[in-house]
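Participant:
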């Protein structure tokens, strides 16, 4: 997909108000008792142990040796205080921000457990493969656990170790005892880095002895929420503060020259922090780190954490800053998640451990509104031009309007289940199956809400007020505050009385017709199609090396001329084309992008079908596509005589 979604990416809330908690207590303090009945999914499954909200007796240690760069192997040694009897150790299954059971257990190997120097055999639960059962003999007070985490070496998954950069997600590096809330388990973490490498993390109390770094004791919950990135080439950029909390851009790259940036580039990132602080009028971190990697080898990512985010982009972010503009939305999106997703979280997404199933019913808020604020903060900060953000919105609107035949059978609310169903694997017919549309369609719904608030209040109230009233509460508190659908409706009604429940449900639970474009039109713009791509779409095609003809022929092609998408019921679909097919020739001439572009114009002007020679597996055939509509690309056009609310939404709020 062209859209970069957070693996996420992807809100839990309690009622207890605790201000200025120390970082050691980040996300470890009590959720109010009124929240606990919501955690109906916290029951034991498959013979494992029900989590209890009591302290774990003793402190775990975990030491990660991250020096085997050639083989990309992380070697882990743990100690776990125990008592004699039955014990279940668990490898984290449900990955926060991914909203799904995606813990890479297939990349964990070499699990060996010893007590008093003797090996203890474990048995994997056959119905819960993330759980390991064993018996602790009498007299054993501590287990020694060894395992390895094997970073992909080719296309087995996201690469997290290269000769220049490595990333440690602690939840991939260890097992932990079942039966306790994560906030009740204390851990002493240590990492051994390659010689001379620098690192960045939200963890506190770092003490470095050579290339071994020890961190202060923290809760398992905080450890899992505090990844580490290290590298050969790095720099730290001060981006100002939110409240009294400093924000840093920790940059890691394949080469030293990728670190070079101009004052103007950094000024936009600095302004992002100021704009976010103004928007939410609060902070829920004592410091915040963008763990930012620029690499063609280290896996790209966008993953939120409470006091940091993992942000990975392709090489050239600063070097080819103008061409990398489509990636400039990543940092605004991920920082927004500190408020929307980490501090405030849907009640059914909060779980006491990462082996209790999560539910995704409110991802259209968690991710959808974050996607919206990502657009807004990109424009307000100057990370993206208003023209580019409008181009992005036009592409989103057109994608949902023209490329979602699946709306006929599947509503937006059901797409919240997509991460659990598919774990972000590729799809054969994404336009008909639908994907994680709660991101982009959710953003359009929140634009609809924003413009309606402005219209109904004569410009006195906007979604900015919702951000302050909903996310900007309990300033300085680290206590996760959960919410339900009714809480969203309540705050909206406090701003402008309206039947917001019906307004939202009518967009979530129905099948159209068409995409929710009312917010775009109420903002003073309309979706149109032109015969040339917008500047934004040109940037996207160049950056991701693909050709997008989804709005005309109904296909997109990757850099090898292979069809990466065929739109359901499009001209290409009717000609029998599928994804994975390679385009060999156009009208009898070897394929080039320019040749296909010209064929679209010729077919329009001369009313002649386009002949394509294609290969699928070992079979060659020529297909005739009877399409004469010409090139077709989405854009936004001003509706004359209407207020330009979009310009006001995108206007900077800080000096």
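Numbering (my numbering), first residue to last: 144 to 798.
For every residue, glycine included, the Cβ atom is placed at its ideal position computed from N, Cα and C.
As the structure is a prediction and not an experimental result, all values here were calculated from the model.
#1: State the Cα-Cα distance for the pair residue 700 and residue 634, rounded to the nearest angstrom.
#2: Can you tell me where the alpha helix (DSSP H) holding residue 508 begins and where it ends?
#3: My parser needs the alpha helix (DSSP H) runs of 4 or more residues fully inside the segment 633 to 692; what are they?
#4: May I ask which residues mark the beginning and end of the alpha helix (DSSP H) holding residue 314?
#5: Could you tell me whether the Cβ atoms of residue 720 and residue 671 are closer together than 8 angstroms?
#6: For residue 487, tell me which candidate among 460, 594 and 611 has the shortest Cα-Cα distance.
#7: Using 8 angstroms as the Cβ pair cut-off and three pairs as the minimum, do the segment 246 to 258 and the segment 288 to 307 touch?
#8: Is residue 457 near residue 439, with beta carbons less than 8 angstroms apart?
#9: Between residue 736 and residue 690, what straight-line distance do the alpha-carbon atoms span, to the nearest angstrom?
#10: Using only the alpha-carbon positions, how far apart do residue 347 and residue 365 sit?
#11: Rank 238, 795 and 780 by C-alpha distance to the C-alpha of residue 669 and give the top, closest one.
#12: Rounded to whole angstroms, what is the Cα-Cα separation between residue 422 and residue 651?
#13: Mark residue 555 as exposed unless 16 or more other C-beta atoms lie within 10 angstroms of its C-beta, in which case mark it buried.
#14: For residue 558, count neighbouring C-beta atoms within 10 Å of its own C-beta (all shown protein chains included) and say buried if the count is 16 or more, exposed if not.
#15: Return the CA-CA distance between residue 480 and residue 706, expressed in angstroms with no decimal places.
#16: Below 8 angstroms on the Cβ atoms is my guess for residue 799 versus residue 239; work out the distance and round it to an integer in Å.
#17: Among 785, 309, 619 and 273, which has the Cα closest to the Cα of residue 453?
#18: Assuming contact is defined by CB atoms lying nearer than 8 angstroms, are residue 432 and residue 450 in contact in what I supplied?
#19: Report the three-state DSSP secondary structure of residue 721 (helix, strand or coil).
#20: Taking the alpha-carbon of residue 730 as reference, which of 718, 754 and 740 has the nearest alpha-carbon?
#21: Which residue or residues does DSSP assign as beta-bridge partners of residue 261?
#22: Figure out for me which residue from 419, 485, 429 and 524 has the closest Cα to the Cα of residue 468.
#23: Does residue 284 pass the burial test, meaning 16 or more other C-beta atoms within 10 Å, or should it be called exposed?
#24: Which one of 386, 387, 388 and 404 has the shortest CA to CA distance from residue 394?
#25: Assign residue 783 to buried or exposed, taking buried as 16 or more other Cβ atoms, counted over all protein chains shown, within 10 Å of its Cβ.
#26: Check the C-beta distance from residue 205 over to residue 372 and give it rounded, since I have them as a contact under 8 angstroms.
#27: Taking the alpha-carbon of residue 379 as reference, which of 789, 219 and 343 has the nearest alpha-carbon?
#28: Taking DSSP as the reference, what is the three-state secondary structure of residue 268?
#29: Taking only three categories from DSSP, how would you classify residue 178?
#30: Extract the residue ranges of the beta strand (DSSP E) inside the segment 467 to 523, only unbroken runs of 3 or more that lie entirely within it.
#31: Looking at residue 584 and residue 656, is the spacing between their C-beta atoms short of 8 angstroms?
#32: According to the neighbour-count rule (16 or more other Cβ atoms, all chains shown, within 10 Å of its Cβ), is residue 367 buried or exposed?
#33: Using the C-alpha atoms, what's the distance from residue 207 back to residue 627?
#34: Once DSSP output is grouped into helix, strand and coil, what is the label at residue 782?
#35: What are the residues that DSSP puts in a beta bridge with residue 758?
#36: To the nearest angstrom, how far is it from the Cα of residue 789 to the Cα of residue 718?
Facilitator: Result, derived from the coordinates:
#1: The residue you call residue 700 lines up with position 557 of the chain shown. The residue you call residue 634 lines up with position 491 of the chain shown. Approximately 44 angstroms, taken between the alpha carbons.
#2: Taking the chain shown and counting its residues from 1, the one referred to as residue 508 is at position 365. Counting along the chain, residue 508 sits inside the alpha helix (DSSP H) bounded by residues 506 to 509.
#3: Fully enclosed alpha helix (DSSP H) runs of 4 or longer: 643 to 651, 661 to 665 and 678 to 687.
#4: Residue mapping note: residue 314 aligns to position 171 of the chain shown, counting from 1. In this chain, residue 314 is not harboured by any alpha helix (DSSP H), its DSSP state being neither H nor E.
#5: Here the question's residue 720 lines up with position 577 in the chain shown. Here the question's residue 671 lines up with position 528 in the chain shown. Going by C-beta atoms, residue 720 is not nearer than 8 angstroms to residue 671.
#6: Numbered from its first residue, the chain shown carries residue 487 at position 344. Ranking 460, 594 and 611 by CA distance to the CA of residue 487 puts 611 first.
#7: Below 8 angstroms, enough C-beta pairs join the segment 246 to 258 and the segment 288 to 307 to call them touching: three or more.
#8: For the purposes of this step, residue 457 is identified with residue 314 of the chain shown, where counting begins at 1. For the purposes of this step, residue 439 is identified with residue 296 of the chain shown, where counting begins at 1. In this structure, residue 457 places its C-beta atom within 8 angstroms of the C-beta atom of residue 439.
#9: Here residue 736 refers to the residue found at position 593 of the chain shown. Here residue 690 refers to the residue found at position 547 of the chain shown. So the alpha carbons of these two residues sit roughly 7 angstroms apart.
#10: Walking along the chain shown from the start, residue 347 turns up at place 204. Walking along the chain shown from the start, residue 365 turns up at place 222. The alpha-carbon atoms of residue 347 and residue 365 are separated by roughly 10 angstroms.
#11: The residue you call residue 669 lines up with position 526 of the chain shown. That would be 780, whose Cα lies nearest to the Cα of residue 669.
#12: As a first step, residue 422 must be located in the chain shown, where it is residue number 279. As a first step, residue 651 must be located in the chain shown, where it is residue number 508. Near 26 angstroms, if we compare the C-alpha coordinates of residue 651 and residue 422.
#13: Counting from 1 along the chain shown, the entry for residue 555 is found at position 412. Burial is judged here by how many other beta carbons sit within 10 angstroms of a residue's own beta carbon; residue 555 has at least 16 and is buried.
#14: As a working note, residue 558 is residue 415 in the chain shown. By the 10 Å Cβ count, residue 558 comes out buried.
#15: Counting from 1 along the chain shown, the entry for residue 480 is found at position 337. Counting from 1 along the chain shown, the entry for residue 706 is found at position 563. If you take the alpha carbons of residue 480 and residue 706, they lie about 34 angstroms apart.
#16: There is simply no residue 799 to check, as the chain begins at 144 and stops at 798 in what is shown.
#17: Here residue 453 corresponds to residue number 310 of the chain shown, with the count starting at 1. For residue 453, the nearest C-alpha among the options comes from 309.
#18: In the chain shown, counting from the first residue as 1, residue 432 sits at position 289. In the chain shown, counting from the first residue as 1, residue 450 sits at position 307. Cβ atoms of residue 432 and residue 450: closer than 8 angstroms.
#19: On the chain shown, residue 721 is found 578 positions in, with the first residue counted as 1. It is coil, neither helix nor strand.
#20: One-based indexing of the chain shown puts residue 730 at position 587. For the residues 718, 754 and 740, the minimum Cα distance to residue 730 belongs to 754.
#21: For the purposes of this step, residue 261 is taken as residue 118 along the chain shown, with counting starting at 1. Answer is 258, bridged to residue 261.
#22: Within the chain shown, residue 468 is the residue found at index 325, counting from 1. For the residues 419, 485, 429 and 524, the minimum Cα distance to residue 468 belongs to 524.
#23: Taking the chain shown and counting its residues from 1, one reaches residue 284 at position 141. With fewer than 16 other Cβ atoms inside 10 Å of its own Cβ, residue 284 counts as exposed.
#24: On the chain shown, position 251 is the one that residue 394 refers to. Nearest C-alpha to residue 394: 404.
#25: Here the question's residue 783 lines up with position 640 in the chain shown. By the Cβ-count criterion, residue 783 is exposed, with fewer than 16 other Cβ atoms from all chains shown falling within 10 Å of its own Cβ.
#26: Here residue 205 refers to the residue found at position 62 of the chain shown. Here residue 372 refers to the residue found at position 229 of the chain shown. Contact between residue 205 and residue 372 is ruled out by a C-beta separation of about 17 angstroms, above the 8 angstroms threshold.
#27: Walking along the chain shown from the start, residue 379 turns up at place 236. Closest option to residue 379, judged by alpha-carbon separation, among 789, 219 and 343: 343.
#28: Residue 268 sits at position 125 when you count from the first residue of the chain shown. In the structure shown, residue 268 sits in coil (DSSP, three-state: anything other than H, G, I, E or B).
#29: On the chain shown, residue 178 is found 35 positions in, with the first residue counted as 1. Bear in mind that a pLDDT of 36 at residue 178, under 50, signals an unreliable position, so the model cannot answer this.
#30: Runs of beta strand (DSSP E) with 3 or more residues, each lying fully within the segment 467 to 523, are found at 487 to 489, listed in chain order.
#31: What you label residue 656 is simply residue 513 of the chain shown in a count that begins at 1. What you label residue 584 is simply residue 441 of the chain shown in a count that begins at 1. Taking 8 angstroms as the Cβ cut-off, residue 656 and residue 584 do not qualify as a contacting pair.
#32: Here residue 367 refers to the residue found at position 224 of the chain shown. Buried, by the Cβ-count rule.
#33: Translated into the one-based positions of the chain shown, residue 627 becomes position 484. Translated into the one-based positions of the chain shown, residue 207 becomes position 64. Those two C-alpha atoms are separated by around 39 angstroms.
#34: Residue numbering aside, residue 782 sits at position 639 when the chain shown is read from its first letter. Taken through DSSP and simplified to helix, strand or coil, residue 782 comes out as coil.
#35: The count along the chain shown starts at 1 and reaches residue 758 at position 615. Paired residues: 725 and 763.
#36: The residue given as residue 789 occupies position 646 in the chain shown. The residue given as residue 718 occupies position 575 in the chain shown. Separation of residue 789 and residue 718 (C-alpha to C-alpha, rounded to the nearest whole angstrom) is 40 angstroms.
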